[in-house]
Amino acid sequence: MEVVFPDGKIQVYRIPTVKLDEYTKDKIFEKNLLMFLPFYIMRYEKEIHKINQDPERLQSLLDEYEDIRATLEKELTETGRAELYTNLNKLITKISDYICRDEEVVRERLGETMGGKVLELESERLRAEGKVLGESIGEARGEARGKVIGESIGEARGKVIGELQGEARLGVLINRLILDGRSAEVQGAATDAERRKELYKEYNM
5 MEVVFPDGKI
15 QVYRIPTVKL
25 DEYTKDKIFE
35 KNLLMFLPFY
45 IMRYEKEIHK
55 INQDPERLQS
65 LLDEYEDIRA
75 TLEKELTETG
85 RAELYTNLNK
95 LITKISDYIC
105 RDEEVVRERL
115 GETMGGKVLE
125 LESERLRAEG
135 KVLGESIGEA
145 RGEARGKVIG
155 ESIGEARGKV
165 IGELQGEARL
175 GVLINRLILD
185 GRSAEVQGAA
195 TDAERRKELY
205 KEYNM
């Protein structure tokens, strides 16, 4: 990217790009790049038809995705981010459905694997806990203490919800790109912050 300054000087900046197929699922979890997980299926895009016809390769893929689901559930639900787990799970399924749209067996089996258990929405859990805790402390130790605790819980809840909104926004963008036949731009939207901003602006998001 070139930037022209008022004095006429040109500065060239190199924006690093990321190739998703270079990231194994273990590396994604190790580096906490969880938003790469929905696009993990793309590494198999050219092989999906063969996988659909080969029971052994299909089972290998399902085992890999079961490991992804279980690890993701453990990573997020144990740290109080259950709703993020649910939303990421849905996004993984949506993109997998698109990549496997012509291969019914793979699409259905991956959907079953990623289904997992239905989790209580984190925002609702935090709201309920905050209300109970705030009321208890307010009655026992005075309204001031209850207010401080309530605000702290509200701040934590706001952080979680803000994170979820960001993930949901990206999910909507990706869905729009897919529906508009621009699936080739999905990887750039997920890994290139500058390109993502441009697309948000383009779609008035």
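Read in order, the letters of the sequence shown correspond to residues 5 to 209 in this note's numbering. No residue lacks a Cβ here, since even glycine has one placed at the ideal position from N, Cα and C.
A residue is called buried once 16 or more other Cβ atoms fall within 10 Å of its Cβ, and residue 63, having fewer, is exposed. By the C-beta density criterion, residue 207 is exposed, having fewer than 16 other C-beta atoms within 10 angstroms. For residue 209, the secondary structure class from DSSP, reduced to helix, strand or coil, is coil.
In this structure, DSSP gives residue 93 a helical state, which the three-state scheme calls helix.
When the alpha-carbon of residue 194 is set against those of 67, 90 and 96, the nearest one is in 96. Annotation: the continuous alpha helix (DSSP H) that includes residue 33 extends over 29-34. Cα atoms of residue 60 and residue 54: separation of roughly 11 Å, rounded to the nearest angstrom.
When DSSP states are grouped into helix, strand and coil, residue 41 belongs to the helix group. The beta carbons of residue 48 and residue 76 sit no closer together than 9 Å. Collapsing the DSSP output to three states places residue 173 in a helix. Judged by their CB atoms, residue 39 and residue 190 are not nearer to each other than the 9 Å cut-off.
Inclusion of residue 182 and residue 69 in the CB contact set at 9 Å is not warranted, their separation being larger than that value. Assigned with DSSP and collapsed to three states, residue 105 falls in coil, not helix or strand.
Here residue 41 really is in contact with residue 92; their C-beta atoms are around 6 Å apart, less than 8 Å. With at least 16 other beta carbons inside 10 angstroms of its own, residue 73 counts as buried. Between the alpha carbons of residue 83 and residue 89 lies a distance of about 11 Å. Sequence-distant partners of residue 34 (beyond 5 residues in either direction) whose C-beta falls short of 8 Å from its own C-beta are missing from its chain. Rounded to the nearest whole angstrom, the CA to CA distance from residue 43 to residue 187 is 11 Å. In this structure, DSSP gives residue 84 a state outside helix and strand, which the three-state scheme calls coil. For residue 115, the three-state secondary structure derived from DSSP is helix. Collapsing the DSSP output to three states places residue 185 in coil.
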